[in-house]
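Residue numbers (the UniProt record's numbering): 1 to 209. A virtual CB, placed ideally from N, CA and C, is assigned to each residue, including glycine.
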Amino acid sequence: MSANTFVALLMFLFPLAYSPGPGNAFFAAIGASKGLRAAVPALAGYHVATFVVTALIGLGMGVTILNHPVVAKALSVLGSLYVLWLAFSFIRAARAKASPRTESVPPKEQSIGFWAGAIVLLLNPKAYYILAVMFTQFLRPSVDDNVLTVLAITTVFTLNNLIAFIVWALGGRALTTLFRSERSRRWIDYLFAATLIAVAIWMAVPLFT
């Protein structure tokens, strides 16, 4: 990959990674509710899944999802339901903070698991289409060594996302540091839960088009 292609790839990826979406909202919510350390397993799961899926699509093995609208719509349904479930789990966590029985168990100790992060990526069909567009723009089969270039693009994409999601998680945590009262923190949890609900609706839009 040339230096010019690398810079162009970063310019393509930057707004995608840092603008609101399922992953950003998910990790910001974890950061706000539980802290960055609790997000580490989910970050690992999301980005292992990201690397594998990105490489497979770059190598031409993701055609089943891209060429079969029924599969994409099924993923949209499952993904939307899963994100809704995550949203309501944050609502339950916010309510639990108000209960004296949970005061001895700090929320930050309750980490979100590896598979929870992986599923957020795997059930988001829009991510598959973005990946296909990315490889259409930056992979030149007649010029590049396909495997090496796919791995290079996949690595850049994954690391860029990882940095962005850490920033979002830290941003979520910064809000709870800024607003220290328990009541404020509960409302921040509700805010991110509402954001996840909006993301779930956005993910379901293809079902009605």
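A straight line joining the alpha-carbon of residue 57 with that of residue 149 spans about 13 Å. Judged by DSSP secondary structure, residue 22 falls within the alpha helix (DSSP H) whose first and last residues are 22 to 34. According to the DSSP assignment, residue 122 belongs to the alpha helix (DSSP H) that extends over 114 to 122. For the 8 Å CB-CB criterion, residue 158 and residue 27 do not form a contact. Rounded to the nearest angstrom, the gap between the Cα atoms of residue 8 and residue 147 is 20 Å. Setting aside the 5 residues that flank it on each side, residue 39 is surrounded in the same chain by 27, 30, 31, 112, 169, each with a C-beta closer than 7 Å to its C-beta; the list follows chain order.
Contact between the segment 72 to 92 and the segment 173 to 181 is absent: fewer than 3 CB-CB pairs across the two stretches fall below 8 Å. In this structure, the beta-carbon distance from residue 165 to residue 153 does not fall below 8 Å. When secondary structure is reduced to three states using DSSP, residue 61 falls in the coil class, being assigned neither helix nor strand. Distance from the Cα of residue 200 is smallest, within the candidate group 124, 95, 11, 135, for 124.
CA-to-CA, the gap between residue 126 and residue 61 works out to about 16 Å.
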